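*Asks:* Protein chains in written order, with our numbering: chain A, 1 to 313; chain B, 1001 to 1313; chain C, 2001 to 2313; chain D, 3001 to 3313; chain E, 4001 to 4313; chain F, 5001 to 5313.
Pasting a structure below so you can have a look.
Protein chains: 6
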Amino acid sequence: MTMREPPDATESPRFTGPRTFARLPHTTDLDGVDAAVYGMPWDGSTSFRSGARFGPEAVRSMSGMLRTYNPVQRVQVFGALSTIDYGDAPTVPGYVEETLARIERFVSTLAEQRVVGVGVGGDHSVTLAELRALAKVHGRLGLVHLDSHTDLWDAYFGKPYSHGTMFRRAIEEGITDPARMIHAGMHGPLYAAADDDIPDELGVEMVPWIELATLAPEEFAERARRRTGTGPTFLTFDVDFVDVAFCPGTGTPEVGGPTSFQALGYLRALTGIDFVGYDVVEVAPQYDPAQITALFAANVAFEMLSLIALSRA
Amino acid sequence: MTMREPPDATESPRFTGPRTFARLPHTTDLDGVDAAVYGMPWDGSTSFRSGARFGPEAVRSMSGMLRTYNPVQRVQVFGALSTIDYGDAPTVPGYVEETLARIERFVSTLAEQRVVGVGVGGDHSVTLAELRALAKVHGRLGLVHLDSHTDLWDAYFGKPYSHGTMFRRAIEEGITDPARMIHAGMHGPLYAAADDDIPDELGVEMVPWIELATLAPEEFAERARRRTGTGPTFLTFDVDFVDVAFCPGTGTPEVGGPTSFQALGYLRALTGIDFVGYDVVEVAPQYDPAQITALFAANVAFEMLSLIALSRA
Amino acid sequence: MTMREPPDATESPRFTGPRTFARLPHTTDLDGVDAAVYGMPWDGSTSFRSGARFGPEAVRSMSGMLRTYNPVQRVQVFGALSTIDYGDAPTVPGYVEETLARIERFVSTLAEQRVVGVGVGGDHSVTLAELRALAKVHGRLGLVHLDSHTDLWDAYFGKPYSHGTMFRRAIEEGITDPARMIHAGMHGPLYAAADDDIPDELGVEMVPWIELATLAPEEFAERARRRTGTGPTFLTFDVDFVDVAFCPGTGTPEVGGPTSFQALGYLRALTGIDFVGYDVVEVAPQYDPAQITALFAANVAFEMLSLIALSRA
Amino acid sequence: MTMREPPDATESPRFTGPRTFARLPHTTDLDGVDAAVYGMPWDGSTSFRSGARFGPEAVRSMSGMLRTYNPVQRVQVFGALSTIDYGDAPTVPGYVEETLARIERFVSTLAEQRVVGVGVGGDHSVTLAELRALAKVHGRLGLVHLDSHTDLWDAYFGKPYSHGTMFRRAIEEGITDPARMIHAGMHGPLYAAADDDIPDELGVEMVPWIELATLAPEEFAERARRRTGTGPTFLTFDVDFVDVAFCPGTGTPEVGGPTSFQALGYLRALTGIDFVGYDVVEVAPQYDPAQITALFAANVAFEMLSLIALSRA
Amino acid sequence: MTMREPPDATESPRFTGPRTFARLPHTTDLDGVDAAVYGMPWDGSTSFRSGARFGPEAVRSMSGMLRTYNPVQRVQVFGALSTIDYGDAPTVPGYVEETLARIERFVSTLAEQRVVGVGVGGDHSVTLAELRALAKVHGRLGLVHLDSHTDLWDAYFGKPYSHGTMFRRAIEEGITDPARMIHAGMHGPLYAAADDDIPDELGVEMVPWIELATLAPEEFAERARRRTGTGPTFLTFDVDFVDVAFCPGTGTPEVGGPTSFQALGYLRALTGIDFVGYDVVEVAPQYDPAQITALFAANVAFEMLSLIALSRA
Amino acid sequence: MTMREPPDATESPRFTGPRTFARLPHTTDLDGVDAAVYGMPWDGSTSFRSGARFGPEAVRSMSGMLRTYNPVQRVQVFGALSTIDYGDAPTVPGYVEETLARIERFVSTLAEQRVVGVGVGGDHSVTLAELRALAKVHGRLGLVHLDSHTDLWDAYFGKPYSHGTMFRRAIEEGITDPARMIHAGMHGPLYAAADDDIPDELGVEMVPWIELATLAPEEFAERARRRTGTGPTFLTFDVDFVDVAFCPGTGTPEVGGPTSFQALGYLRALTGIDFVGYDVVEVAPQYDPAQITALFAANVAFEMLSLIALSRA
């Protein structure tokens, strides 16, 4: 069982070689692996700007900037946590339901072997597939959801699966437990006044950005811990959680959100929760001319890996 | 019955007002209308770069550069041909089959009222919807298809509807007649040697670019006329027909193709065919930083309107 | 009198159809209309980067992201406030004085019919035309001006009309009352030390960003209310008020300014003032590759519409 | 009298130092100077996309790629022809007439000292100012005009000065002689069928692109020489003459035009004409993300300098 | 010995997974391998625009568009020719000589095992390293060089290694035989008239673009075959050979060059030469916003692989 | 001795003329000059994204936005401080050691004549050359370093000179005094846990961003003053100090850093230190599509000039 880690950055520059996440080995051999980063190149369900099918490629590209140690969390990530790039889930352009089924099968292998996955989207609808795969193994899941939208709407254009509806589907399918779900960071106009009542109706907790902005990271983390309890939980991060100035490369951007410094603060505080899976989604590189969204998402994934490393330390 | 035409360009600059195609009136009132330009904002079926859902917006934006008279064809277009912007067909992100059904209904209204439509895509799968709508009214159709790909493949990832398969579907559905179909301009690598045999197997005519490049516009047009005969025919133009230098903003670009000057030459020569519908597809503005693809597509649509005007003159 | 509002977003995606502001009806019929959004596509008077003539198009494009309800202000906007897209004022490239005259005539129609307008620029010189039109109907106006520059300079290159001089012109013309004018957010280097004395000399109030940054939104709003009193007032927002990271797409950007979160906070606090007109200006999409400036400006216009809705509730 | 030329390219890389044209000395000292390149940063009169005020900066930037010898014309340019960067003419945003007056004064100094100027635009309206300055010194001028538009329209929006009207103004002002004017390369739709008759009505010669495309460079040059005769003549090159794929960075682009190879061929053939001034205009770098338009325009200016050098050799 | 080839494109879309060239296996195991594509991420020696260190990444990204069969050459490439992505050579930013040494060692492994390499640059200086590695195995080499520059200059800034000097170095080092070298496509201004004499002085053949443009592909190929004879030869393709409209993403672009259609024609004709190595260089994706240069370079590599396949068929 | 200052901005627009820094005279005549801005166009030593060789050009371009007076510091800059654009240091692509030697010679002239320099990079390795030049004149230097990285690593790829190692080299060469060095703003992952100990081992002070974020500007300035004491000191500002949203155009960007408002606050507080030289580095315009990084860097240079002006007032 070898430690899976990036090659020595003093051998060849970080801009060298086919791009895998953080220059990790690309393999599907899970033997001895602690964590696996994988992509979900799908953008068929986005309601505004498409392009997130190239999100995994873009994040891999800028993840070359990552190094091995997290000095804020004071934790060694690569080299301590055996980590691989597990490749991308297969998708089927134009067919959301088939795509979700194929992603679910792809993630199931990881889940069954208890390798912690960090998924990279892709539009947010893909999270439903991950939740299905993980719930089969871990049972009903809690959810910590950082986003500018709740994604709890009922349907778009008369159809059930979309990047704005999947958490309602998850509740309906019984794979997440509303009593253990917390959605934070919501901002931007709503479709209707009634939208504000949806979280209550479904029994989930919602912390709009206007309120979250008044909470210190540890205060938010405490609320998340209270909400999710000790059960298995999923952490999902939509890059439109942060202000569009920090993540322009995304499908349904909103203005007036958190800075990346604030966002990393909330993420880093989320220790002590039993996360069984993670993802960062909605990176659309066509709208990211300076690659800053991809760099941010790579760092979000790195913070997620840091949480895994901390939980094992 | 008023003449539907752009406002006088000496009143306000062409960059003024909400963007409709060529600054035409946006209306669904078809009374007295000769031709209608409409959009099909769908990119769920593309096999590589997405973004064509914003194709109609981009083409409308640059269509402001169009004027009213075609000096090469020596025909008055706007002012002679009562033309409207008919708006966009509804689509459903993630659901190609439902989307095709909705586009078909949208186009059917035009077809039934014998208003000649010029569709703007959108990925090429949308053409199947247009063919279905038109075949219901006009019967089995011939096809003139300018593209770098034949789009006659059988399936992608086990699924039938894609931007690379719809002309095989059209033949199977009996809405186009292979004996009256001509596909021209094919270039770029193929999936397999056997791909080269597909046109023969299906009974359609294929003129690869390496051969088309040796034909004068009139020679090509003569072949198209021979092939399509006197029956109702559809003209479809995928912007990846031209070299990617002329149309970078597209999903599955190929290098080494025609110049825009050559392409306009082929188009202009296609007089004398009974075209009952037209489209120009695969404009993906995310890859079109200088809007040159959109401008080209707007001109393609203008040439199609010129063909209509010529046929009525 | 029908309610003028966007089409149901569950019918067709928000990226469908010719782009009007927030997908509102484009009409010049003012019957029963409460508010009208209009464009002023002019960039002839900018002193650095041009391009704002395409500002209205860009804002319309990203305004598709808007929905109908403002959850922070807790007010229904569309559906409660009958709102239209009134189109664009005519302009004359190269002729600022003629352009201002044509914009004034265009806005006068709205003003005379007491439809509250929200203008979208265009470079900031256009505000002079709006003030002229509104003063004719409402009398001398107060002004709340959020910007990184005061735009109170005397002349550029020996000529009086420019995007940096129009508020001095407004005072000279007697259409704004300096005693009821407040300019806030100024940052960036000045032409000369004496520039700092201009506000005092003209009798207006100026709150530089270095000072505004220390005020809570409500504190600023209280100062604005004290200054403008109960008379008719105009609210003008130059997108270079915010830091260029949030609004790169503008002609004379400055660094070190407010975040968009701070800016929206100041805007939302401006209740209780008798605003008879609004505008958001200086959107230059050529410098806005990810459309974030346009999205921000669309939201500024939405917050202005929210203020109208609140004042009527 | 020192030879004015670029610094030795073996001393410091061509990307070094403040950008002047071809790294020439920036000076207004005309002593011993043969040729002067200057900018006209004005875009107030463009009828579609603005931005050409940054044309001179962009062309200077890419002119670093130029070297000193023209191997096709077999002529030494820099080092043989004492050449300077004369800086930019002053302009007044928003005031076309005042701007033309200031440019005229700026160019007059060169004209009076018989330094041959090569102007860089700026939108095409600036050429009127150059013609006025040169006609005062040289008398009535002939014109060779490469463009996709004739720029012979009468008025835009009721106003006389525009980038589409200045050659009609020049005829009216008696500074150009229609009998010695030739306009070549016209393509793209026209405002009206009657537009095609304008050249005849005004007595100038027009060679549309569809005809020019059939002429060898020398055939075109022979027609130009026949038309312009032996009198003083101006050569003006609008970059929208070439296909937009080669020059995307321009205000009113057209598709289906010449390649840059064809364009250089026509230019190089124009020997034996008594050109007393030159310009290359309509470079709008906002639409030129890879700087290819600027590079092309720099080469056009280099070919013009080559014509000067050839005429003196 | 398994056939190394891309995964079945009907399993998962071509935009799936970490990007290797044409989705080939990334491995350094050369057993049974016929051809290997590798990158040389170095841009330290470019004399104008840097960025080519990301050339290999960009080409890999767009090589996803490649398929397996070349219909113009009528040859099966992937599936017939066992091909791998061999990764990238190590480089040392700031140290050209050390970098060349490391690239040479990297390529030597391939050369020694008689795996035919297709290198992807990287600025053109890297070719010197490849020539050194290949000459050690194959002896003195011939050269077919398609480029807009001869790269035969003596020195830049007093230093010998640069992307403009390496073919003179190769001659001096005795690793290429001037009598078997042909350089074609040269265009753009030269540093001095004497530059035109360099090929003669060094004893190589030079075909400037102005002459090549008059040759049919087969005529050029015949000259290349005559020049290179039967000995081992290297084929190097600088993407600035084609007009900058087709390959904007490059460091020292020139205007007025060949189209991509012409370029592919010349390449395809080069059968019957004993090429022992190939490269395509100078892809700088920072100047390639629509990825068209990368797509072209991927196709150039595919044509090179096609030549290998043809030579083995 | 004339005052060297920008031309009157009321004569010609700020977008006029060859771009020098702030439109200052470009000269190497140092007579009576107080301060000189110069460029160091070198990017050969960057470890990730190249392009900073065009940093000086980009900063000059946006420095046109600067005016003459700093209203926050209440100090007249231009007009009070005789300032020039001193041009660019020569560099040698591919040769870092030779390049550093040439830059050192270039800066030495300024240092010897006691003209205070403000350098514009270029990758950060160039600062070593400036320190060498200044230490020869002023003796061992203190350092205030704002950056997201300490640049104290030992070597990259076995080579000593890089943009990540030069401050260790400076200590080794004895040209900076570790006891008077302070590095602030560090954020982003590290290569190894041990990296955190490097500052202590070398005897310098390091203030990571997570700590700096808790300090008011004056608190940080007080620490910097305590550290640097009364001796000659250099102030170096790497634009990746600020969050990548504010400075996307840089080679090794990091997320989660300061805003530009915070950064300017720290800079403005640094009064009372005997700075003998300044630089702002790592501007890579290829990743700066809206020129915001260049504008920020121009303002950083303006704040540095303001510190000089304050120290002389």
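Ideal Cβ placement from N, Cα and C applies to all residues, glycine included.
Treat the numbers as computed from the prediction; the structure is a model and nothing was measured.
Have a look at Leu5081/F, Pro5090/F, Ser5082/F and flag the residue whose alpha-carbon is nearest the alpha-carbon of Arg3014/D.
*Replies:* If you number the fourth sequence from 1, residue 3014/D lands on position 14. Nearest option by C-alpha distance: Pro5090/F.
*Asks:* Which chain D residues are close to Leu1024/B, counting only those with a beta carbon under 8 Å from its beta carbon?
*Replies:* The count along the second sequence starts at 1 and reaches residue 1024/B at position 24. Near Leu1024/B there are no residues of chain D at all, since even the closest Cβ is about 14 Å away, more than 8 Å.
*Asks:* Can you give me the Cβ contacts of Cys1247/B inside the same chain, cut-off strictly under 6 Å, excluding the 5 residues immediately before and after it?
*Replies:* Counting from 1 along the second sequence, the entry for residue 1247/B is found at position 247. If we look at Cys1247/B and ignore the five residues flanking it on each side, its Cβ neighbours are Val1239, Thr1293, Phe1296.
*Asks:* For Asp4243/E, would you say it is in contact with chain D, using Cβ-to-Cβ distances shorter than 8 Å as the test?
*Replies:* Residue mapping note: residue 4243/E aligns to position 243 of the fifth sequence, counting from 1. Asp4243/E counts as touching chain D.
*Asks:* So is Ala1194/B buried or exposed if we call it buried at 16+ other beta carbons inside 10 Å?
*Replies:* Residue 1194/B sits at position 194 when you count from the first residue of the second sequence. Exposed is the call here.
*Asks:* On the DSSP bridge assignment, give the partners of Leu4146/E in chain order.
*Replies:* Stepping through the fifth sequence from its first residue, residue 4146/E is reached at position 146. Leu4146/E pairs with Ala4184/E, Phe4237/E.
*Asks:* Output the boundary residues of the beta strand (DSSP E) element that contains Gly4265/E.
*Replies:* Along the fifth sequence, read from residue 1 onward, the residue named residue 4265/E stands at position 265. That residue, Gly4265/E, is in no beta strand (DSSP E); its alpha helix (DSSP H) goes 4260–4269.
*Asks:* For the beta strand (DSSP E) holding Pro1208/B, just list the boundary residues, first then last.
*Replies:* On the second sequence, position 208 is the one that residue 1208/B refers to. Looking at the DSSP string, the run of the beta strand (DSSP E) that includes Pro1208/B is 1205–1208.
*Asks:* For Thr165/A, I'd like the list of residues in its chain whose CB is within less than 7 Å of its CB, leaving aside the five on either flank, ordered along the chain.
*Replies:* To locate residue 165/A, count along the first sequence from 1; it is residue 165. So the qualifying residues of the chain are Asp151, Trp153, Asp154, Ala155, Tyr156.
*Asks:* I want to verify the contact list: residues of chain D whose CB lies under 7 Å from the CB of Leu1295/B, in sequence order.
*Replies:* Sequence index remark: in the second sequence, residue 1295/B carries index 295 (1-based). Those are Val3244, Pro3253, Val3255, listed as they occur along chain D.
*Asks:* Is the shortest distance between the beta-carbon of Thr1016/B and the beta-carbons of chain C less than 8 Å?
*Replies:* Numbered from 1 along the second sequence, position 16 holds the residue referred to as residue 1016/B. Yes, Thr1016/B lies at the interface with chain C (some Cβ there is under 8 Å from its Cβ).
*Asks:* So Thr2228/C is in the alpha helix (DSSP H); what residue range does that whole segment cover?
*Replies:* Translated into positions along the third sequence, residue 2228/C becomes position 228. Run containing Thr2228/C: 2217–2228, per the alpha helix (DSSP H) assignment.
*Asks:* Reducing DSSP to helix, strand and coil, say where Val1075/B ends up.
*Replies:* Taking the first residue of the second sequence as position 1, residue 1075/B is located at position 75. Strand at Val1075/B.
*Asks:* In whole angstroms, give me the CA-to-CA distance for Thr3083/D and Met5040/F.
*Replies:* Here residue 3083/D is taken as the residue at index 83 of the fourth sequence, counted from 1. Here residue 5040/F is taken as the residue at index 40 of the sixth sequence, counted from 1. Using only the alpha carbons, I get a separation of about 27 Å.
*Asks:* Just to confirm, is the Cβ distance from Ser61/A to Val5255/F under 8 Å?
*Replies:* Within the first sequence, numbered from 1, the residue matching residue 61/A stands at position 61. Within the sixth sequence, numbered from 1, the residue matching residue 5255/F stands at position 255. Result no, Cβ atoms of Ser61/A and Val5255/F do not sit closer than 8 Å.
*Asks:* Is DSSP giving Met2065/C helix, strand or coil here?
*Replies:* By one-based count along the third sequence, residue 2065/C stands at place 65. Looking at Met2065/C - three-state DSSP - the assignment turns out to be helix.
*Asks:* Where does Ala313/A land, buried or exposed, given buried means 16+ other C-beta within 10 angstroms?
*Replies:* Looking up residue 313/A in the first sequence gives position 313. The residue is exposed, with fewer than 16 neighbouring Cβ atoms inside 10 Å.
*Asks:* Taking one C-beta from the stretch 1105–1124 of chain B and one from the stretch 66–84 of chain A each time, how about it: are there three or more such pairs within less than 8 Å?
*Replies:* Counting Cβ pairs under 8 Å, fewer than three are found: no touch.
*Asks:* Compute the beta-carbon to beta-carbon distance between Asp5274/F and Pro5232/F, rounded to the nearest angstrom, for a pair I have assumed lies under 8 Å.
*Replies:* Taking the first residue of the sixth sequence as position 1, residue 5274/F is located at position 274. Taking the first residue of the sixth sequence as position 1, residue 5232/F is located at position 232. With a Cβ gap of about 6 Å, Asp5274/F and Pro5232/F count as contacting.
*Asks:* Please return the same chain residues whose Cβ sits closer than 7 Å to the Cβ of Met2206/C, not counting the five positions on each side in sequence.
*Replies:* For the purposes of this step, residue 2206/C is taken as the residue at position 206 of the third sequence. Correct list, in chain order: Thr2150, His2183, Met2186, Pro2199.
*Asks:* Chain E partners of Gln3076/D, CB-CB under 7 Å?
*Replies:* Position 76 of the fourth sequence holds residue 3076/D. What Gln3076/D touches in chain E: Ala4193.
*Asks:* Under 8 Å, with one C-beta from each stretch per pair, do the stretch 2170–2184 of chain C and the stretch 2213–2228 of chain C reach the 3-pair mark?
*Replies:* Contact holds: three or more Cβ-Cβ distances are below 8 Å.
*Asks:* Quick check on Met4003/E: buried or exposed, where buried means 16 or more other Cβ atoms within 10 Å of its Cβ?
*Replies:* Here residue 4003/E refers to the residue found at position 3 when the fifth sequence is read from its first residue. It counts as exposed.
*Asks:* Whose C-alpha, out of Gly272/A, Gly257/A, Asp279/A, Leu305/A, is nearest the C-alpha of Ser148/A?
*Replies:* Taking the first sequence and counting its residues from 1, the one referred to as residue 148/A is at position 148. For Ser148/A, the nearest C-alpha among the options comes from Gly257/A.
*Asks:* Can you say whether Arg168/A is buried or exposed, counting buried as having 16 or more other CB atoms within 10 angstroms of its CB?
*Replies:* Within the first sequence, the letter at position 168 stands for residue 168/A. Label assigned to Arg168/A: buried.
*Asks:* Indicate whether at least one CB of chain D lies closer than 8 Å to the CB of Phe5054/F.
*Replies:* As a position in the sixth sequence, residue 5054/F is number 54, starting the count at 1. It does: the Cβ of Phe5054/F has a partner Cβ on chain D nearer than 8 Å.
*Asks:* What in chain C is Cβ-close to Glu3098/D, meaning under 9 Å?
*Replies:* Here residue 3098/D corresponds to residue number 98 of the fourth sequence, with the count starting at 1. By Cβ distance, chain C contributes Phe2157, Gly2158, Lys2159.
*Asks:* By Cβ distance, which residues of its chain are closer than 6 Å to Asp3088/D, with the 5 residues on each side in sequence left out?
*Replies:* For the purposes of this step, residue 3088/D is taken as the residue at position 88 of the fourth sequence. Cβ within range, chain order: Gly3039, Pro3041, Pro3056.
*Asks:* With a threshold of 16 other CB atoms inside 10 Å of the CB of Asp1243/B, please say whether the residue is buried or exposed.
*Replies:* Here residue 1243/B refers to the residue found at position 243 of the second sequence. With 16 or more other Cβ atoms within 10 Å, it is buried.
*Asks:* What residues from the stretch 4125–4143 of chain E come within 9 Å of chain D, judged by C-beta to C-beta, listed N to C?
*Replies:* For the stretch 4125–4143 of chain E, which is checked against every Cβ of chain D, not one residue is closer than 9 Å.
*Asks:* Report yes or no: is there a C-beta of chain F within less than 8 Å of the C-beta of Val72/A?
*Replies:* For this step, residue 72/A is matched to residue 72 along the first sequence. Cβ-Cβ to chain F under 8 Å: yes for Val72/A.
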